[in-house]
Structures are given as structure tokens and as C-alpha cells.
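As you go down the protein sequences, you meet chains H and B in turn. Just so you know, we're using numbering that gives the first Met the number 0 here: the first sequence kicks off at 0 and counts up by one. Just so you know, we're using numbering that gives the first Met the number 0 here: the second sequence kicks off at 0 and counts up by one.
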Amino acid sequence: MKVYFDHNATTPLHPEVKKEMIAAMEMFGNPSSMHAYGREARANVEDARRKVADFIGAKENEIIFVGSGSEANNTVLSLFVCSSSQCIPGSRRGTIITTKIEHPCVLETSECLAHQGVRVKYLNVDRYGKVDLDQLAGMLGDDVGLVSVMMANNEIGTLQDIEAITKMVHACGAYMHTDAVQAVGKVPVDVRKLGVDFLTISAHKIYGPKGVGALFVKHGTPYCPLIRGGHQERGRRAGTENTLGILGMGRAAEMRMIEMPEEEERLLHLKQVLQQGIEESIDDISINGHPTDGLASTLNVSFTGVEGEAILLYLDLEGIAVSTGSACASGSLDPSHVLLATGVDAELAHGSIRFSMGRESSMQEVEYLLDVLPPIIQRIRNMSTAYIKGGLHAASR
Amino acid sequence: MLQAGEWAYSETLKEHFMNPKNILQGENTDDFDGVGMEGNLQCGDQMMVVIKVDKEKDTITDCQWKTYGCASAIASTSVLSEMVKGRTLDDAFHISPKEVALELGGLPDHKIHCSVLGDKALRAAINNYYTRNGQEDKVKQEQAKVICQCMNITDHDIEDAVLEGARTYFELQEHTKCGTVCGQCKDETEVLLEKYKHIHFGA
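Next comes the structure, spelled out in C-alpha cells:
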């Protein structure tokens, strides 16, 4: 049996998206061209823009198509180091506030900006991954230009109260960005209700194609392109449009609008069965993330005394795809920065596994996983120095 | 269109990961003549190696292990436990990470450090045997020499960094912070960098 429980990494194309993209394969015109070929491509790009805008409650001219969620996040943060008067003036409001649990594309860009003289402050999160709002209140001042807080965390699924955060941020005169890559398509997202100035979306997380994302920029917000040298996207993102990808993203957004509302309850039930099954069949585990305020599809579990990459690869041999917060799987030496920020011990972070389900995930798949997982954990613990029943650890600890 | 690629690991490694050999069952090490342990759980790798020794011939007759770690850590301890059987203590003491990696059919660069712990734990087990049997004179300490005085970085730290992927002086500094204060150790560090690159990667 094949089980794909890694939807937070990427999702398969929705069959409707695939159908529409295949039908559009012959469309090759450049949307900038005035002839019939160009007009056909243009019409499809604008149709997709309308669908994406509708999906998040935005206006069409507030949507910029980009190459990825990472590009959208880079674009927003980089507004900061541009000295043009159209951009967020870095000199007067030279501080960015973000969190310790952001995606690396936000954290690494922030670090890079810090080298260029931007002050960056990082918000702590509590043990469930919720941003410390008191700390935010203390940090906000007239030196702050931008606050960037992700809406749903990719690793543990914890949701932030973006609406409340945005109100605080606007009250101090700063702009608000949310990386909503993991939230859009899983929970309702309405940019007007949230009040945000910038919001990031990625197509491949919502059953669309890879290599395309969208950035919402509220009308009237200072903006400066990251990629320059063309009039595409009304001068806000140069480069000939990824017409086929954009068309697929539009269709994916449209399908999510139809399917998402009835999906959450079903996924939540699957997650509860999975969590309960793991808790009942495996000793010494801990659940990471918020118990109620998180994505219905994401379950993150730490297994004491077991290294995550070993679990991942044994599951892979059984046809089950998951991901891990262990350092070994990432190629770095540190385990998940998200889990460490929530106060999880490094050892438990090395032994964490993320199960992320999606629109096609079924109870049969959950049951198969629950059959396969306990013996794998048992087997790894049997060969582990770390795990001795009763919780005692071996000598040199 | 290509199908799913093979793992980042060799077939031999995959086989040792799927069917590890000589796992120590339970926690009791009383039947063994030497016990060694290296690494720690916070870093994500820990290995324990236990050996039985033919005291007449000074050879290893049995080697078992426990490992907390990733696939290459598990497989490298497994393959090491097969490699040492029948070898003399002295011979086994000198098994290098490179030999272990070779026996596994190669390791991706960033996984080499996973195979370093196994041979370290084995040496600890051999030293433990010497100590227990009144042969303290044979115990070989792996004395580390401080190279960077400012950051207290030893030659062992530099070797580990090379095994973890550092190939240039800059990368070495990123890994260890060596030479980031006064910089006086640069020449000595660069010599060591070249030495360890040569020893472990033939570069």
C-alpha cells in the first residue's frame, strides 16, 4: 500500500488542475504580445488572477504572480533595503519583527538584511508554537516598519491569530505580512478580515503545479519589485509569465474553494484516530503543536530514543511517505528550529515525525500506518543506546 | 520520465540498515570484555560497542552494538561489527572511518561523520578491555591538541569538521569558528585541513 502523508511538503496535482493544464499545453503565446496568441495567454493569466483573488477575498490588481512562496517572502522583506521613496522607508522605520518559527526563506532573508543594517527582532513562541503577543506589544514602536508572522506553521501546524496581530501592528504604523503558504487551502483565508498588507501563497501546496506562487499586496501599500526589468505584473515582477503554471494555480484555487469547506472535519477525524492510535500503541511519545488551534491535517509526534531519519526510511520501505525534524535528514547538524523554539529538547526534536494528510487521505491509510509504525519504533528502540524501557538513559548521557 | 531514484545510500548500506547484524539484545553487557560508548543524544548520534576477546590471541571473537542515529549510523555500526571479528585488538584499533565507509560502498559526504562514531566507540571498547585486564600501558589516549587558542578548537574538531563537509578554510571557520578572533592559527589549520582532506577523501 502506498501512503502519502507529506502534504505540507507538496501536494499532488488535483485531477481537474491536471486536466486543464494538459488541455492548455499548446498555449504558448507571450501574454505581453498584442496578437491573438498573446491575447489567448493574457486572457488565461487574468482569469487565473481573478480566481486566486476570489479565493482570498482580494481584488485582482492586488495579486502578483511570482515563482514561489519563497520568492514572495523574499520580495516583501527586501522592500526594506530599497531606498526608493516608493518603498518602506528603511531609514526611519528600520526594524523588522518576525518569529523564531518562520520558514527558512524568511529567517535567512532576515539574517541577510541584518547584515545590511536592518534591525531584526525575533518573537518567541510558547510550547504550542503560539507567538507571544505581550512580547510583540513590547517590541512594537515607531521604529518598526514591518512585521512578518506565518499564519500556519509547516512543521507543527499551529495557527496564529493574524487578525489580532495585524491590529496591533497597524496601531503602531507598521506594515503586516503573513506567510500563509500552509494556511491557504486548509483554513479559510480572507485578506480583508485579516487586514494584512502582504500575504504569501504557493500553488503546489494547494494541489497546483510547482514553480508558481502569488503575493497579495494590499492596494496602496509601498512596493518595490525584487526582480526588475519588465512590465509584467504591472511592473511588479519582471519576467515572462509562467502561463501554464499560473493557469494551473487559478484552477487549483477554484477547486479548493469548492472542496475545502467539507474537508476539514474529515481530516480532523483522521488526525484524531491517528493520534489516538499512536498514543495507545507506542509508549513514550509526545505530541508537538497546539492541541486545538492547529491545522486539521498536520500531526507532529516525537518518539523518545529514536532518530527521525531512521523512522522515515523504514516507513519509506513500507511505502509510507512522511517527514522528520531530525538534523540528519536535513543535512544540517541541528534539528528542527521550530521544535527547539517551542522548547522541545534537542533529542526529542531529532526523533520527531510530521504526518501531513490531504484531500485524498483515507481511514484505510491511517489504519495501515498504525499497523506498520509500532513495530518499526520497537525495532529501532531495540537497537538504540538511548532507549531503555522505564526512561533511563544509557551511561554516558 | 525517470522512476523514483535509489536512496542516497549504497545497496550495501541499505542492506545493513534493513537487516542490521550483531545488535546487542537487552542492556546487560556483563558477558563482554570491553565496553565503549561515544556521541550524545542531543547531537542525534550515540553508539555503544561491546567486544569479546580471545585473551590468548588478543583477537576479537564477538562484537555487538547499540546505536541511536540515522540510517548510515545504524549501518556503519552494523558493518563495523562484522569487520572486526577475528581481527587482533591492535589491528581493530586502527580501523579508520574511511575503511568503514568503503566497506559500506561509500557514504554521502555529509554522512561521513555518522561513521566516525562507530570506530571511536570501538577504540573506547578496546581501551576499556586493556584497562580491565591490567594492561593500562596499552591504552592509547586520543590526545587532542588545541590549535586555535582563542576559540579552543582542537585538531580533532578540525578533523570532525572536514568529515562533516568542510573543504575550505572559510567552511572550516563556519563549522568551528576557528581562527575567527586573532587568526594566528591560520597556517597550522590550513595544513591540517589539507591533511584530513587527504586522509579521508584522498583529496
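Cβ atoms here follow ideal geometry from the backbone N, Cα and C, with glycine treated the same way.
Its chain contains Ile96, Met138 as the residues whose beta carbon lies nearer than 6 Å to that of Lys120 of chain H, once the 5 sequence neighbours on both sides are disregarded; these appear in chain order. About 5 Å separates the beta carbon of Val183 of chain H from that of Ile200 of chain H, a gap short enough to meet the 8 Å contact definition. For Gln63 of chain B, the secondary structure class from DSSP, reduced to helix, strand or coil, is strand. In terms of Cβ geometry, Ile281 of chain H and Pro373 of chain H form a close pair [threshold 7 Å].
Under the Cβ distance rule, Gln41 of chain B counts among the residues neighbouring chain H, one pair being separated by less than 7 Å. Excluding five sequence positions before and after Asn127 of chain B, the CB atoms of its chain that fall closer than 8 Å to its own CB belong to Gly33, Val34, Gly35, given in chain order. At least 7 Å separates the CB of Ser69 of chain H from every CB of chain B. His349 of chain H and Tyr127 of chain H have their C-alpha atoms spaced approximately 18 Å apart. Around the C-beta of Ile310 of chain H, 16 or more other C-beta atoms lie within 10 Å, and the residue is accordingly described as buried. For the segment 175 to 188 of chain B, there are no residues whose beta carbon sits under 8 Å from a beta carbon of chain H. Rounded to whole angstroms, Glu163 of chain B and Met24 of chain H show a C-alpha spacing of 45 Å. Gly201 of chain B is classed as exposed because its beta carbon has fewer than 16 other beta carbons within 10 Å across all chains shown.
Leu312 of chain H has a beta carbon lying within less than 7 Å of a beta carbon in chain B.
In this model, His174 of chain B and Val272 of chain H are separated by some 43 Å (Cα to Cα).
By the Cβ rule, the segment 51 to 62 of chain B does not count as touching the segment 137 to 152 of chain B, because fewer than three pairs are nearer than 8 Å. Within chain H, Met382, Ser383, Thr384 have C-beta atoms less than 8 Å from the C-beta of Thr66 of chain B, given in sequence order. The continuous beta strand (DSSP E) containing Lys120 of chain H extends over residues 118 to 122. At least one beta carbon of chain H lies nearer than 7 Å to the beta carbon of Ala70 of chain B. Think of a sphere of 8 Å around the beta carbon of Ala320 of chain H: no beta carbon from chain B falls inside it, the nearest being about 11 Å out. Contact check for Arg380 of chain H against Val321 of chain H fails: the beta carbons are separated by 7 Å or more. Restricting attention to B:Val99, B:Glu102, B:His93, B:Gln134, the CA atom closest to the CA of Arg122 of chain B is found in B:His93.
Excluding sequence positions up to five before and after Gly140 of chain H, its CB lies within less than 7 Å of the CB of Cys171, all in the same chain and listed in chain order. Taken in chain order, the whole alpha helix (DSSP H) runs of length 4 or more contained in the segment 63 to 141 of chain B are 70 to 83, 88 to 92, 96 to 102, 111 to 131. Contact annotation for Ser351 of chain H against chain B: no contact, minimum CB-CB distance about 11 Å [criterion: below 8 Å]. Bounds of the alpha helix (DSSP H) holding His197 of chain B are 185 to 200. At a cut-off of 7 Å between beta-carbon atoms, Ile50 of chain B makes no contact with chain H. For Glu346 of chain H, the nearest CB of chain B lies under 7 Å from its own CB, placing it at the interface with that chain.
Using beta-carbon distances, Gln2 of chain B does not count as an interface residue toward chain H, since no partner is under 7 Å.
Gly307 of chain H sits close to Ser325 of chain H, with the two beta carbons spaced by under 7 Å. Listed along chain H, the residues sitting closer than 7 Å to Pro19 of chain B by beta-carbon distance are Met382. Taken in chain order, the complete alpha helix (DSSP H) segments of 4 or more residues contained in the segment 190 to 263 of chain H are 190 to 193, 231 to 234. Just so you know, the alpha carbons of Leu103 of chain B and Asp315 of chain H end up roughly 20 Å apart. Per DSSP, His176 of chain H is one residue of the beta strand (DSSP E) stretching across 174 to 178. Leaving aside the five residues that flank Thr303 of chain H on each side, the residues in its chain whose CB is nearer than 6 Å to its CB run, in chain order, Asp283. Sixteen is the threshold: when 16 or more other Cβ atoms of the shown chains lie within 10 Å of the Cβ of Ala173 of chain H, as they do, the residue is buried. Taking all protein chains shown into account, Val337 of chain H has 16 or more neighbouring C-beta atoms within 10 Å of its C-beta and is therefore buried.
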